[in-house]
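Report on the structure given below.
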Amino acid sequence: NAGVTQTPKFQVLKTGQSMTLQCAQDMNHNSMYWYRQDPGMGLRLIYYSASEGTTDKGEVPNGYNVSRLNKREFSLRLESAAPSQTSVYFCASSEARRSPWAGELFFGEGSRLTVL
Amino acid sequence: AQTVTQSQPEMSVQEAETVTLSCTYDTSESNYYLFWYKQPPSRQMILVIRQEAYKQQNATENRFSVNFQKAAKSFSLKISDSQLGDTAMYFCAFMKHGTGTASKLTFGTGTRLQVTL
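Okay, here's the thing in structure tokens:
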């Protein structure tokens, strides 16, 4: 039971380099999300995909792009990394919004990114 | 926009004791959900408990219960009979009730709970 799988788990980049974080879920969930977690700031939504074929901006989308490759996979790309993007990134997925599953996100283990 | 505030960055409790984590939120919505999520060290974040705003009864899940005060916009988490495995970062979160497929949550800054022997 893999759940939500993120790769890589750790990455060090230099300013200006690009990279893609990969995320895959095996729960047949419709919706997927990318959050970043910074000390003292909790989790902030970067982008989300309500369903296959759609993506929308979250709270902090600047500097990022996403691709919902298929129902299972949702990638996050940093085109030109900046030190302010040093963070822990979490991918999550969820079933339909209606209760009893409303708001239950299933998270990956996180990807720690350092931009020098 | 909604905001979620957790004013206790760190807390400590002895094993078998009871601890309460505080959360306040600000919203103009009348119907919404509130959540507590748990992030153990080096492990995935999981949902602990969920409360629907229109339900007056406080949610409970085994040793975890909430005190939901809608008028005061307060949503605290009580952990009874604390166990070492409860050591984690706890996040309070808010979600508007409504249409759409995605569950867009707004998280607080978290409270780090340490359970000691």
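Protein sequences, first through last, are from chains A and B.
The first sequence maps to residues 253 to 368 in my numbering.
The second sequence maps to residues 11 to 127 in my numbering.
Just so it is clear, CB atoms sit at the ideal spot from N, CA and C, and this is done for glycine as well.
At least one C-beta of chain A is nearer than 7 Å to the C-beta of Gly120 (chain B). Three or more Cβ pairs drawn from the segment 69–89 of chain B and the segment 33–41 of chain B lie within less than 8 Å of each other, which places the two stretches in contact. Thr34 (chain B) is outside the set of residues whose beta carbon lies under 7 Å from a beta carbon in chain A. When the Cα atoms are used, Thr111 (chain B) and Tyr299 (chain A) turn out to be separated by approximately 14 Å.
Beta-bridge pairing by DSSP links Val23 (chain B) to B:Val125. In the structure shown, Gly95 (chain B) adopts helical secondary structure according to DSSP, grouped into three states. Look at Gln289 (chain A) here: in three-state DSSP terms it is strand. Burial of Arg320 (chain A) is indicated by the presence of at least 16 other C-beta atoms within 10 angstroms of its C-beta. In the DSSP assignment, Thr30 (chain B) falls within the unbroken beta strand (DSSP E) covering Val29 to Leu31. Non-local C-beta neighbours of His281 (chain A) in its own chain, meaning closer than 6 Å and more than five positions away in sequence, comprise Ser345, Ser346 and Glu347, ordered along the chain.
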